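Heads up, the sequence shown is in the working numbering, so the first residue is 691 and it goes up one at a time. Glycine is no exception: its CB is placed at the ideal position from the N, C-alpha and C atoms. Computed from a prediction, not measured in an experiment: that's the story for all the values here. What follows is a short report on a single structure.
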Amino acid sequence: MPPPNTPEPTAPEPKRRIRAVHTAATVTVYQAYSPGIGLPAARRYADEWTVSITDLTPLVRRIHGHLRAGEPEAARRLLPEERPYPVAGGLPPHLGG
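Structure, rendered in structure tokens:
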């Protein structure tokens with residue numbers, strides 16, 4: 691018998707795995723890429739594309755507290771301002787442009 695907390699042996703990483711989760715109204719498909727593709731993309735995302743990460747937990751808890759107390763306007767005042775994302779050349783036709 692192996693010692694406690696010994697990780698299970700792992701199978702070789704498949705080239706890709708596809709998993710789908712569905713409800714009555716939606717289907718979400720997840721695809722895992724091989725480490726040769728996924729790891730460089732993850733490193734680039736983490737190192738080059740991430741500008742900042744902000745923990746919104748305290749704010750979300752305050753908003754939730756107001757909602758539970760029946761104070762939707764107080765909760766709404768805590769929401770960040772929504773700003774349109776600038777799109778060069780305007781929106782494409784399928785998005786109403």
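For Arg709, the secondary structure class from DSSP, reduced to helix, strand or coil, is strand. Under the Cβ criterion (8 Å, minimum of three pairs), the segment 772-783 does not count as touching the segment 749-760.
Note on geometry: alpha-carbon atoms of Gly787 and Thr740 lie some 29 Å from one another.
Listed as beta-bridge partners of Tyr720 by DSSP are Arg709.
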